[in-house]
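Let me begin by presenting the structure, written as structure tokens, before commenting on it.
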Amino acid sequence: MINTVILSWTTFIYFAAFAFYLVRMVSVRERWGRLGAATARIGLFAHTAALILRWVASYQMGMGHAPLSNLYESLIFFAWSIMALYLIVEWRTKSRSLGTFVVPVAFLCMAFASLSPNISSRIQPLIPALQSNWLTSHVITCFMGYAAFTVAFATGLMALLKGMERRARTGDGSAIYGKNANPSPMNFIRLIPAPGILDELIYQSTVLGFVFLTIGIMTGSIWAHYAWGAYWSWDPKETWSLITWLVYAVMLHARHVRGWRGQRMAVMAIIGFICVLITYLGVNYLPGLHSYQ
Amino acid sequence: MSKKNPVRTFFASVKLAIVLLVLISMASILGTLIPQQEAAGPFINRLSPSVADILRGLQLFNIFHSPWFIILLALLALNLVVCSLNRVPLAWTRFRQKSEPDRDDLFETIPPDQVVVKETSLSEETDRLEKLLGKKDRVGRKDMDDRSYLYVEKGAYSYFGVYCVHLSILVMMAGVIIGSFLGFEGYMDITEGESSAVVALQGGRGAKNLDFAIRCDRFFIDFYENGAPKTYRSDLTFLKAGSTVQSSSVLVNHPASFAGMRFYQASYGMIPTGDPVMTVALDDKKIKDVQVAVGMEFEIPEKKAKVEMTRVEENLMGMGPAVKLSIQSPAGHIQFWVFQAIEQIMQANPGILEQVTLFNPGLFEPYVFSLGQAGSRYYTGLQVTRDPGVPVVAAGAALMMIGLMIVFFCSHRQIWIRLDTRGEKTRISITGKSNRDAVGLNREIRKLLDAVILNRESAT
Ligand code: HEM
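So, in structure tokens, the structure goes:
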């Protein structure tokens, strides 16, 4: 089908965008950054078109539903949310360093969706339990949240790398600086924005993710209320979403009340993201109502 | 706070909150790794009895309903209450505290780009700015001989956002408690055409008699072309003292409500009614069901064939029920037996169909005949719940959303403006404070400055 063809092309486009962003960091030449940004935009455009085509195709096949109903579609949508949010952040912050860390996550999602032999890319009809508008809002809000947490995670990685710079400087770091003409890992790190900016970005994206995850859990509960007769049943996926939510709640409290900043917040963003991954994919290996088949 | 009761100090601390949230998370992780409740059975069997006893003693097979987990939640609630009680007065003070317009101290360190000098007179400029800042009763103003001050604030309510969020957690907990004491969950299976007034309570906690009955008029199931289920639907009638009160269709995702309970489509099944039925299949797809009786005739139009049941045996040669078919078609006349237990017969006597073609139910190719205990009827499996806590939990959720919006997207902004005469000219200085959104405050100050410079009527 045409939409899956476009989606596999999008996978390569994202890889190219990642490569350009990476070359920018290593070579310290902004034109690679511009190339990366343009490529990422083309990728997102193709991605969006493919999603719409897929949606239309499902109607033509007589089982019209939003392309959010199985693991393939959810991975594709996750990648879409990540790229959309990233390009917004890039535009708002006017900084392209984050691309090197976020775009590969979107690429990996796409590649996993296209290449894993266990994941079917066919449009499948909705079984009765999935026929609900609450499900659509549930999936959309959850993945918006996950995308924001992905940005926080990638920024966290950057903050940790940036921390290495400071450690190198307090050691005998002075020798490493000077000639920025020859590509060195330290150049790479130097292009990462200042810790204060990273910290703010981690916080902002965590807040965004937290709000969306909260709405996601609520819409999920409403759906469960209509589908299973219980808004909460401690099913592994539900439980893990609660754990993720609590971890981010701890993170926000640690910042707001105990004044955590910088590296500690970066570590929390990474722990939180691991919880997101378990909630999203890990629980499929645990028994429960939610696992994608 | 140091003089206060140490217990209160302990429960007011945010450190305790973080510890509790981490503990609850860890307990929940355990709850997803160890099979819980009914699912725990096979897992327990694989453990040595002593280990199983220890885990059971710690209630690790039912963590989410165990007393220690509930105690953790109760401690969190207590923590929230005490912490909020300690802090709300402060938020209230901050909310009520109106700043004086003439805060000269704030202008001491003001950056030069927040100062504008204009040709207009002091009073004219002050009036214009006052209008620019908003409604008259919300703007504080103080005029002196050679100076004027303006003050405006907004979003002071944002100090309460956090308490909205925290209160919402308590409200939701209350909803859960109400539900667990006043609610119930159970199941009822109702065969098509019959009615029932008994709910089997979950977890073998006995039965509950309803003061009304539910009749299943019809159970309906529909498939997609690929065989995946498309719709499960039960048409139900609610009866009180024998007369119809309400008719509802229940689908997955569309429960019916009656008498404060909800009825969900949970499962379905077949109950054999005993009448034997002959099924004709083509490529594993059922195309026809025919009632079994001697002399019964039916047609297969695609082959211009006429089929007749010539004999019906309860137990043919010790191999169970069987029907003899006689088929007339343009291809000729054939006869053979169709056994109900053909699978078992084939297993017990491999190759029998080749040896005794008379026993081959697929002799009239490509059709395959089978004999079943069909004539079965559907029953619908309904889940019945009553949970009076749901509206409370929903209210809590709404409160939480409102709270989060206030916490994250509103802020308390205060803006002070000082105007003083510089000879013929007027000097205007603008500064402000914000509790969490310095960027937004800065943007607002810039807008005001622009409006002042350009003599615009509104700041946006
Ligand atoms: C699951 C439970 C909880 C959630 C979802 C939650 C949520 C929040 C949120 C969203 C904030 C604002 C953070 C920010 O501005 O970045 C906050 C602040 C705060 N929370 Fe919680 N909270 C929870 C439990 C608790 C508990 C048990 C305590 C008890 C001590 C507590 C004490 C505080 C305090 C003191 C603040 C700062 C308030 C201020 O601005 O002065 N929280 N909470």
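Residue numbers (this note's numbering), protein chains in the order written: chain A, 6 to 298; chain B, -12 to 447.
Yeah, the Cβ is synthetic: ideal placement off N, Cα and C, and Gly gets one too.
Taking only the alpha-carbon atoms, compute the straight-line gap between isoleucine 181 of chain A and glutamine 268 of chain A and give it to the nearest angstrom.
The count along the first sequence starts at 1 and reaches residue 181 of chain A at position 176. The count along the first sequence starts at 1 and reaches residue 268 of chain A at position 263. With a pLDDT of 43 at isoleucine 181 of chain A, under the threshold of 50, the modelled position of this residue cannot be trusted; read the value that follows with caution. Taking the straight line joining both Cα atoms gives about 23 Å.
Of the choices B:Pro22, B:Ser398 and B:Val126, whose alpha-carbon is the least far from that of alanine 39 of chain B?
One-based indexing of the second sequence puts residue 39 of chain B at position 52. Cα-wise, what sits closest to alanine 39 of chain B is B:Pro22.
Rounded to the nearest angstrom, what separates leucine 463 of chain B and isoleucine 283 of chain A at their Cα positions?
Residue coverage of chain B in this structure runs from -12 to 447, which leaves residue 463 of chain B outside it and unanswerable.
Tell me the rounded alpha-carbon separation between leucine 80 of chain A and alanine 118 of chain A.
What you label residue 80 of chain A is simply residue 75 of the first sequence in a count that begins at 1. What you label residue 118 of chain A is simply residue 113 of the first sequence in a count that begins at 1. Distance between the alpha carbons of leucine 80 of chain A and alanine 118 of chain A: 6 Å.
Excluding sequence positions up to five away, which residues of its chain have a Cβ less than 6 Å from the Cβ of isoleucine 11 of chain B?
One-based indexing of the second sequence puts residue 11 of chain B at position 24. Contacts found: Leu59.
In this structure, does DSSP put histidine 320 of chain B in helix, strand or coil?
For the purposes of this step, residue 320 of chain B is taken as residue 333 along the second sequence, with counting starting at 1. DSSP places histidine 320 of chain B in strand when its eight states are reduced to three.
List, in chain order, every chain A residue whose beta-carbon is nearer than 7 Å to that of alanine 4 of chain B.
As a first step, residue 4 of chain B must be located in the second sequence, where it is residue number 17. Going along chain A in sequence order, the residues near alanine 4 of chain B (Cβ under 7 Å) are His258.
Assign serine 121 of chain A to one of two classes, buried (16 or more other C-beta atoms within 10 Å of its C-beta) or exposed (fewer than that).
Reading the first sequence from its first residue, position 116 is the one you call residue 121 of chain A. By the 10 Å Cβ count, serine 121 of chain A comes out exposed.
Give me the residue from B:Ser316, B:Ile164, B:Val69 and B:Phe323 with the minimum Cα distance to valine 310 of chain B.
Numbered from its first residue, the second sequence carries residue 310 of chain B at position 323. Checked all of B:Ser316, B:Ile164, B:Val69 and B:Phe323; the closest Cα to valine 310 of chain B is B:Phe323.
Can you give me, in chain order, the residues of the region 10 to 22 of chain B that have a beta carbon less than 7 Å from any beta carbon in chain A?
Listed by position along the chain: Ile11, Ser12, Ser15, Ile16, Gly18 and Thr19.
Short of 8 Å in beta carbon distance, which residues of its chain neighbour aspartate 91 of chain B, apart from the five on each side in sequence? Order them along the chain.
Walking along the second sequence from the start, residue 91 of chain B turns up at place 104. Excluding residues within five positions, the ones whose Cβ falls inside 8 Å are Arg405.
Could you tell me the distance, in whole angstroms, from the CA atom of phenylalanine 199 of chain B to the CA atom of serine 183 of chain B?
The residue given as residue 199 of chain B occupies position 212 in the second sequence. The residue given as residue 183 of chain B occupies position 196 in the second sequence. Phenylalanine 199 of chain B and serine 183 of chain B: Cα-Cα distance of roughly 9 Å.
Using alpha carbons as the reference points, say which of B:Asp89, B:Asp437 and B:Asp407 lies closest to arginine 134 of chain B.
The residue labelled residue 134 of chain B in the question sits at position 147 within the second sequence. Comparing Cα-Cα distances from arginine 134 of chain B to each of B:Asp89, B:Asp437 and B:Asp407, the minimum goes to B:Asp407.
In this structure, does DSSP put methionine 273 of chain A in helix, strand or coil?
In the first sequence, residue 273 of chain A corresponds to position 268, counting from 1. Methionine 273 of chain A: helix per DSSP, three-state reduction.
Please report whether the beta-carbon of tryptophan 124 of chain A lies at a distance below 8 Å from any beta-carbon of chain B.
On the first sequence, residue 124 of chain A is found 119 positions in, with the first residue counted as 1. The sequence shown places isoleucine at residue 124 of chain A, not tryptophan. Chain B, which has no Cβ nearer than 8 Å to the Cβ of isoleucine 124 of chain A, makes this no.
Counting pairs of Cβ atoms below 8 Å between the region 311 to 322 of chain B and the region 331 to 342 of chain B, do you hit three or more?
Counting Cβ pairs under 8 Å, fewer than three are found: no touch.
Applying a beta-carbon distance threshold of less than 9 Å, which residues of chain B neighbour valine 144 of chain A?
Against the first sequence, residue 144 of chain A aligns to sequence position 139. Simply none; closest approach about 15 Å.
With distance defined between alpha-carbon atoms, name the residue in B:Asp262, B:Val163, B:Lys412 and B:Leu435 nearest to glycine 419 of chain B.
Start at 1 with the first residue of the second sequence, and residue 419 of chain B comes out as number 432. Of the listed residues, the one whose Cα sits closest to glycine 419 of chain B is B:Leu435.
So which residues on chain B does alanine 232 of chain A lean against when the C-beta distance must stay under 7 Å?
Locating residue 232 of chain A in the first sequence gives position 227, where the first residue counts as 1. The answer, in chain order, is Val239 and Asn240.
For alanine 215 of chain B, go through chain A and note every residue whose CB falls closer than 8 Å to its CB, in chain order.
Residue numbering aside, residue 215 of chain B sits at position 228 when the second sequence is read from its first letter. The contacting residues are Gln129, Pro130 and Ile132.
For a contact defined as C-beta to C-beta under 9 Å, what are the partners of methionine 387 of chain B on chain A?
Position 400 of the second sequence holds residue 387 of chain B. Result: Thr219 and Met223.
What separation, rounded to the nearest whole angstrom, lies between the Cα atoms of arginine -5 of chain B and leucine 65 of chain B?
In the second sequence, counting from the first residue as 1, residue -5 of chain B sits at position 8. In the second sequence, counting from the first residue as 1, residue 65 of chain B sits at position 78. Roughly 10 Å separates the two Cα atoms.
Please check the pair isoleucine 97 of chain B and serine 398 of chain B, which I expect to be a contact at CB under 8 Å, by giving their CB distance rounded to whole angstroms.
By 1-based counting over the second sequence, the position of residue 97 of chain B is 110. By 1-based counting over the second sequence, the position of residue 398 of chain B is 411. Wrong, their Cβ atoms sit about 20 Å apart, outside the cutoff.
Among B:Val75, B:Thr19, B:Glu341 and B:Arg373, which one has its Cα closest to the Cα of leucine 448 of chain B?
Any property of residue 448 of chain B remains undetermined from this structure, which presents chain B solely from -12 to 447.
Would you identify the three-state DSSP class for glutamate 284 of chain B, choosing helix, strand or coil?
Counting from 1 along the second sequence, the entry for residue 284 of chain B is found at position 297. Here glutamate 284 of chain B sits in strand by DSSP.
Please report the residue range of the alpha helix (DSSP H) in which proline 109 of chain A lies.
Position 104 of the first sequence, counted from the first residue, corresponds to residue 109 of chain A. Segment 104 to 120, the alpha helix (DSSP H) holding proline 109 of chain A.
Looking only at DSSP bridge pairs, what is arginine 298 of chain B linked to?
Here residue 298 of chain B corresponds to residue number 311 of the second sequence, with the count starting at 1. According to DSSP, which records beta bridges pairwise, arginine 298 of chain B is partnered with B:Lys311.
Mapping DSSP to helix, strand and coil, what is glycine 190 of chain B?
Counting from one through the second sequence, the residue named residue 190 of chain B turns up at place 203. Glycine 190 of chain B: helix per DSSP, three-state reduction.
Check for me: the alpha helix (DSSP H) holding threonine 98 of chain A runs from which residue to which?
To locate residue 98 of chain A, count along the first sequence from 1; it is residue 93. Taken as a continuous stretch (DSSP letters only), the alpha helix (DSSP H) holding threonine 98 of chain A covers 76 to 98.
For the alpha helix (DSSP H) that valine 68 of chain B lies in, which residues bound it at each end?
Position 81 of the second sequence, counting from 1, holds the residue named residue 68 of chain B. Start and end: 54 to 83.
Quick one: any contact between the region 259 to 268 of chain B and the region 384 to 394 of chain B, if contact means 3 or more CB pairs under 8 Å?
Taking 8 Å as the limit for Cβ pairs, the verdict is that the region 384 to 394 of chain B does not touch the region 259 to 268 of chain B.
So, do the region 338 to 345 of chain B and the region 142 to 154 of chain B have three or more beta carbon pairs nearer to each other than 8 Å?
Verdict: no, contact absent.
Using a Cβ-Cβ distance cut-off of 8 Å, determine whether alanine 384 of chain B contacts chain A.
Translated into positions along the second sequence, residue 384 of chain B becomes position 397. At least one chain A Cβ lies under 8 Å of alanine 384 of chain B.
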